[in-house]
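Q: Just dropping this structure here.
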Amino acid sequence: MEKIGIFYGSNTGKTAAVAEEIEFNLKKDNYEVINVADGIETMKDFKNLILLTPTYGVGEVQEDWANVMPQFEKIDFTGKRVAVAGLGNQFAFGESFAGGMRVLYDVVVKNGGEVIGFTSNEGYHYEESEAVIDNQFVGLAIDENNQDDETPERVMDWVAELKKKFY
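Heads up: the sequence shown runs through residues 89 to 255, numbered per the working numbering.
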């Protein structure tokens, strides 16, 4: 498997912790973790990408992602396999749960990338989410506020599936 670029933005540390959980499940694989606050210039160098964002506002990406969005929107994702994960609070923000990952998904698809790692929306309790297509999240939805006990298993299962699909 080729090297994986894991790009994340985090205000409170919860998304950074999920990035670490992904790292733990990649143990012996070749990967690099980059906080988007430090820039996304190297994103073009990876064929395999994992993008993580918490959701703010009404389905918006985290502020560091928002800051690099003009640059992100110019990346050609042709020939890249990209997985997306989004954090949110399904009870406090049930009308836009994990919607930030849809923003990333839309850019990747528009710019020619192949998105992998869709997950079931079963087991969640939210009103609606832009991140759902045909009863599946466009990536891995995480609720560290209300279902943090499920995060390790969800990440482990998701990463195992990604490993089968990455280049």
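Yeah, the Cβ is synthetic: ideal placement off N, Cα and C, and Gly gets one too.
For my contact list, I163 and F134 are in at a C-beta cut-off of 8 Å; report their separation, rounded to the angstrom.
A: Stepping through the sequence shown from its first residue, residue 163 is reached at position 75. Stepping through the sequence shown from its first residue, residue 134 is reached at position 46. Not really, about 11 Å apart at Cβ, beyond 8 Å.
Q: Would you be able to state if there are at least three C-beta pairs under 8 Å between the region 113 to 132 and the region 176 to 192?
A: No, they do not touch.
Q: Using 8 Å as the threshold, is the C-beta distance between L250 and I221 below it?
A: Within the sequence shown, numbered from 1, the residue matching residue 250 stands at position 162. Within the sequence shown, numbered from 1, the residue matching residue 221 stands at position 133. No, Cβ-Cβ distance for L250 and I221 is not below 8 Å.
Q: DSSP has E148 in a bridge; who is on the other side?
A: On the sequence shown, residue 148 is found 60 positions in, with the first residue counted as 1. According to DSSP, which records beta bridges pairwise, E148 is partnered with Y144.
Q: How would you write the range of the beta strand (DSSP E) that Y96 sits in, first residue to last?
A: The count along the sequence shown starts at 1 and reaches residue 96 at position 8. It spans 92 to 96 - the beta strand (DSSP E) in which Y96 sits, taken as one unbroken run.
Q: V149: buried (16+ other C-beta within 10 angstroms of its C-beta) or exposed?
A: As a first step, residue 149 must be located in the sequence shown, where it is residue number 61. Answer is buried; the Cβ neighbour count reaches 16.
Q: Go ahead and pull the three-state DSSP assignment for A107.
A: Residue mapping note: residue 107 aligns to position 19 of the sequence shown, counting from 1. In the structure shown, A107 sits in a helix (DSSP, three-state: H, G or I).
Q: Within the continuous alpha helix (DSSP H) that includes A171, where are the two ends?
A: Counted from its first residue, the sequence shown places residue 171 at position 83. Unbroken run through A171 is the beta strand (DSSP E), 169 to 175; no alpha helix (DSSP H).
Q: Decide yes or no for the touch test of the region 206 to 214 against the region 115 to 122: beta carbon pairs closer than 8 Å, at least 3 of them.
A: With the cut-off at 8 Å, the region 206 to 214 and the region 115 to 122 do not touch.
Q: DSSP three-state label for V197, please.
A: Sequence index remark: in the sequence shown, residue 197 carries index 109 (1-based). Note: V197 maps to helix in three-state DSSP.
Q: Can you grab the Cα-Cα spacing for the pair Q224 / D245, in whole Å?
A: Position 136 of the sequence shown holds residue 224. Position 157 of the sequence shown holds residue 245. Their Cα atoms are separated by approximately 15 Å.
Q: What's the gap between the Cα of E210 and the Cα of F254?
A: For this step, residue 210 is matched to residue 122 along the sequence shown. For this step, residue 254 is matched to residue 166 along the sequence shown. Approximately 25 Å, taken between the alpha carbons.
Q: Since E256 and K102 are thought to touch, with beta carbons under 8 Å apart, how far apart are those beta carbons, to the nearest angstrom?
A: Residue 256 is absent from the structure shown; the chain starts at 89 and stops at 255.
Q: Grab the span of the alpha helix (DSSP H) containing E241 for me, first residue to last.
A: In the sequence shown, residue 241 corresponds to position 153, counting from 1. From DSSP, the alpha helix (DSSP H) with E241 extends over 239 to 253.
Q: Is it the case that the Cβ atoms of M157 and V172 are separated by a distance below 8 Å?
A: One-based indexing of the sequence shown puts residue 157 at position 69. One-based indexing of the sequence shown puts residue 172 at position 84. Cβ atoms of M157 and V172: not closer than 8 Å.
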